[in-house]
Every structure is written in C-alpha cells, then in structure tokens.
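First up is the structure itself, then whatever we jot down about it.
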Amino acid sequence: MIDVTAANETSDDARARSNVWRLAAAQALTGANSAVIFATGSIVGATLAPDISLATVPLSMYVLGLAAGTLPTGAISRAYGRRIAFIVGTFCGTLTGALGAFAILHSSFWLFCGATFLGGLYGAVAQSYRFAAADGASVAFRPKAVSWVMAGGVFAGVLGPQLVQWTMDIWPPYLFAFSFVMQALVALVAMAVLSGVDAPKPAAADLHGGRPLLEIARQPRFIAAALCGVIAYPMMNLVMTSAPLAMKMCGLSVSDSNFGIQWHIVAMYGPSFFTGSLIARFGAPRIVALGLALEAVAATIGLSGITAPHFWATLFVLGVGWNFAFVGASALVLETHRPQERNKVQAFNDFLVFGMMAIGSFSSGQLLAHYGWNAVNMVVFPPVLLGLVVLSLASFAKRRAKLRAVEEIPDPSI
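FYI, the numbering for the sequence shown is -11 to 402, going by my numbering.
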C-alpha cells in the first residue's frame, strides 16, 4: 500500500513539475506587465491627474482590480478549470496595454485608471499560479512548487523595468505610451504559454465537497496565514507604490526610479529559488516571521535618508522580506484546506489580502503628498508587530494541540 501511494505521489509530482515550468514562465511575463504599471503608474498619474494627491490612484485602481478579481478567479477555476481562468486573465492583460497606451495618447486620467484596473484583474489571476503549481503535488513538494513558480518573477524584475527603459521615449512627447503597447504583446505571449498548462476541470464530486468556508477560516492556522499575508503584501505595496513618486519629489531621475523598481522586483522573487527549501527545513512560521522583520528593517532604512542608494536599499530589503513572508504565508494556507476546498479557500485568502491592499492603497497618495516619505515608512511598524504576535500565538496553539493529542493516546502497556 505504501509503495502504491509513493508511486502515485511520484506520478503527481512529475505532472506538477511540468506545470511548474509553464507557470514560472507565465509568472515572469505577467510580472513584467505589473512592473510596467508600478514603474510608470504614479508618474503618469502625476502628469494626467487634476491634482498631485491623486497621482497614485492608478496604482490604487490596480490593487482594487486585484481585490475584485480574486473571488471571480476562484469561481471560474472551480467551474471550468484553472486554464480557462488563466486565458481570461491574459486577455485582461492585453486590454490593459492597449487601453493604457490609448489613455496616455489622449491625456485621459480616468481612462488610464480603467486600464490599470484591468491590469489588476490580470494580476488577480496571476496570484493563483502559485497555488495551481501545488495542485495534485505531494505534501513534500508543495512548498517547492509554490516557491519555484514565484521564482519566475526574477525575470519579471529584469524584463519589466527594461521594457520601460527601452520604450518610454519612442512616441514623444507621450512618455510611456509605447511601453503599454509592448505590455499588451507580452500578455499575448503569456496566453500562449498558459494554454499548455495541464489543469483540467474539477471533478463533479469536488464542486460540492468540503467543509463550510467559515469553519475553515476559523482555524488559528488560517487566521495567522491570512493575517500575515494581509500585512506583508499591503505594507510592501504601500512603500513600493510611493517610492517612484517620492524619488521624483526628492529630485531623483526616472532612471533612478526604474533601477530601484527593477532590483525591488528581483529581490521579491529571487529568494524563491531557495525559500521553499528554507520552509521545508525551518517551517513556514519562522520564514514568515523573518520576512515581516525584514519589512520593518526596510522601513528603517527608508527613514535614514533620501539619497538614491537609500531608496534602492529600502526597496531591495523590502522585496526580500515580502518574499519570505508571502511565500511562507501561502505555504501555511495550503496546510489549512483539503483538495476539494482549495479553490474557495485560496480565493478567499487572496480576497482578504488584496481587499486590504485596495483600502490601504487609496490612502498612499494622500499619505505621501500630505505627510511625506517618512510617514509612509512609519506606518509599516505597527502591523508588522501585530503579525509577529498573532503568528507566535498560532504556533503556540498548534504545539499545545499536538502535546494534548499525544497525552490522550492510551498507553498500550497499561
């Protein structure tokens, strides 16, 4: 029986590994699309917006799209399979580039916001790549599958900002217009890559099985995982989206900003080559705690100066911290649900994360415009402390439960 189980797990892992390569490539291409938005959004916003305090609204609309797209992504994946959801997402990505270029050419701020909202919908679908990589994989391989797909973002960190750098001046005086045309083409390439993912429609039995969502969400492990994701991603997003405009306000160049965003994205995804192994060795809670602590370190660096190297160091450390915290939190989520519950639980987790990001993102422009870069960094510390406390309590509760279970096992010698 054990041999049969091992053979099945080996077969499942072979299928998962095949999917991982496609999903990692798609992660790189999709990440390049979001990198274009993050590198240009606040600068284009400042150019087109009726007031400077609205400059980061396009980025906030991207985050709102992320939040709005998570539950529909889960519903489409549950009803038709993940591959259909992936194709829908890349179609939204193509529209993002086309509409974004049109908005810049016609100086339409709100149309540009609509384009970045579509980009958020694309990003919401892309968030499910990491979970799709773990579908059917063995328990031992799941953290590595998630981590390896996230590693595809390293190439996004190179491709996205370089795409902006190479194309931003092609249609003068319409800065970044051609960058969005290229973004649309990249989304089409991602569509072709994802069309080969082996992600069949769920079996009919899986559509109605499993526990109620509320029961799953009440688990201490899920609460800790979701809360740490809710803290790690929005805090990273707050600092990252504010940084390009803050650098411009401090007299730094667009090239300085592009360089900082490029290395931030590399730092976000580069550790994924070994984050899964770290989780397997030390456990997800310790890696999440390390990630949250690094986000606080990044904010401390941001408070220490406003030169280009200070911004670059802040963004780099912030990226590494986000990787550890978010990949670790994602691995924790995988521990809280059964296979037939995965789509609804994963979509609900991402809805919480990106819903909170949307709320916080709309205030980032106001925070930067009225209180400055230091205030943006100061906001990071209280949520990080809360996350560390809740994570510690959840880990303590799990240890107590295990100890209690051992004590309740009857002694066969009695």
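The beta-carbon is built from N, C-alpha and C at its ideal position, and this holds for glycine as well. Bear in mind the structure is a predicted one, so any value in this text is a computation, not a measurement.
Taking 8 angstroms as the cut-off, decide whether the C-beta atoms of residue i and residue j are in contact.
i	j	result
Phe312	Gly279	yes
Ile253	Gly145	yes
Asn238	Val276	The displayed chain sequence assigns Cys, not Asn, to residue 238. Result no, Cβ atoms of Cys238 and Val276 do not sit closer than 8 angstroms.
Ser260	Val341	no
Met344	Val227	no
Thr44	Gly62	no
Val378	Ile204	no
Glu403	Val367	The question about residue 403 has no answer, for the chain in this structure spans -11 to 402.
Arg10	Leu182	yes
Leu36	Phe90	no
Leu291	Asn225	no
Leu52	Ala165	no
Tyr50	Gly81	no
Leu87	Gly102	yes
Val8	Ala133	yes
Leu356	Val364	yes
Going by C-alpha to C-alpha distance, which of the options sits closest to residue i?
i	options	result
Thr58	Phe119, Val152 and Asp244	Phe119
Ser126	Leu202, Tyr257, Ile249 and Arg326	Arg326
Ala178	Gly19, Arg5 and Val367	Gly19
Ala121	Ala91, Phe74 and Phe164	Phe74
Ser167	Pro161, Leu176 and Asp157	Asp157
Val142	Phe262, Ser349 and Ala317	Phe262
Pro131	Leu52, Ala268 and Leu36	Ala268
Ala288	Ile92, Arg274, Arg206 and Gly309	The sequence given here places Thr at residue 288; Ala does not occur at that position. Nearest of Ile92, Arg274, Arg206 and Gly309 to Thr288, Cα basis: Gly309.
Pro273	Gln328, Pro208, Ile31 and Met224	Pro208
Gly198	Gln153, Gln328, Gly108 and Ala133	Gln328
Arg71	Gly88, Trp300 and Asp123	Asp123
Ala13	Ala114, Met49, Asn365 and Ala286	Ala114
Ala346	Asn7, Thr28, Ser292 and Met223	Met223
Ala317	Pro297, Ala214 and Ala335	Ala214
Val285	Ala212, Pro38 and Phe369	Phe369
Thr324	Phe299, Ile64 and Lys386	Lys386
His358	Ile40, Gln15, Ser6 and Ala2	Ile40
Phe336	Leu356, Arg206 and Asn21	Arg206
Ile31	Ser241, Arg66 and Pro200	Ser241
Asp281	Leu376, Pro297, Trp98 and Ala55	Contrary to the premise, residue 281 reads as Ala rather than Asp in this sequence. The option with the nearest alpha carbon to Ala281 is Leu376.
Would you kindly work out how many angstroms separate the C-alpha atoms of residue i and residue j, rounded to a whole number?
i	j	result
Ala112	Leu47	14 angstroms
Ala255	Phe26	15 angstroms
Gly69	Asp338	18 angstroms
Thr78	Leu176	7 angstroms
Gly258	Gly264	12 angstroms
Ser383	Leu163	50 angstroms
Asp186	Ala128	20 angstroms
Thr408	Leu17	Because residue 408 is not part of the residues shown, which for the chain are -11 to 402, the question remains open.
Leu106	Gln354	23 angstroms
Trp154	Val24	12 angstroms
Leu202	Tyr221	23 angstroms
Leu320	Ser96	42 angstroms
Arg392	Thr104	51 angstroms
Leu54	Gly184	24 angstroms
Quick check on the burial criterion: 16 or more other C-beta atoms within 10 angstroms. Buried or exposed for residue i?
i	result
Asp244	buried
Phe270	exposed
Thr302	buried
Gly438	Given that the chain is displayed from residue -11 to residue 402, the structure contains no residue 438 and the question cannot be resolved.
Pro149	buried
Thr295	exposed
Met(-11)	The predicted position of Met(-11) is uncertain, since its pLDDT is 43 and thus under 50; a value taken from the coordinates is nonetheless stated next. Met(-11) should be labelled exposed.
Asp(-9)	Here Asp(-9) scores only 45 on pLDDT, less than 50, and its place in the model is too uncertain to base an answer on.
Gly348	buried
Ala56	buried
Ala212	buried
Validate contact between the region 227 to 240 and the region 165 to 182 using beta carbons, cut 8 angstroms, 3 pairs = no
ask   = Do the region 243 to 250 and the region 136 to 144 meet, that is, are 3 or more Cβ pairs less than 8 angstroms apart?
value = As far as the Cβ criterion goes, the region 243 to 250 does not touch the region 136 to 144, which means the pair count is below three.
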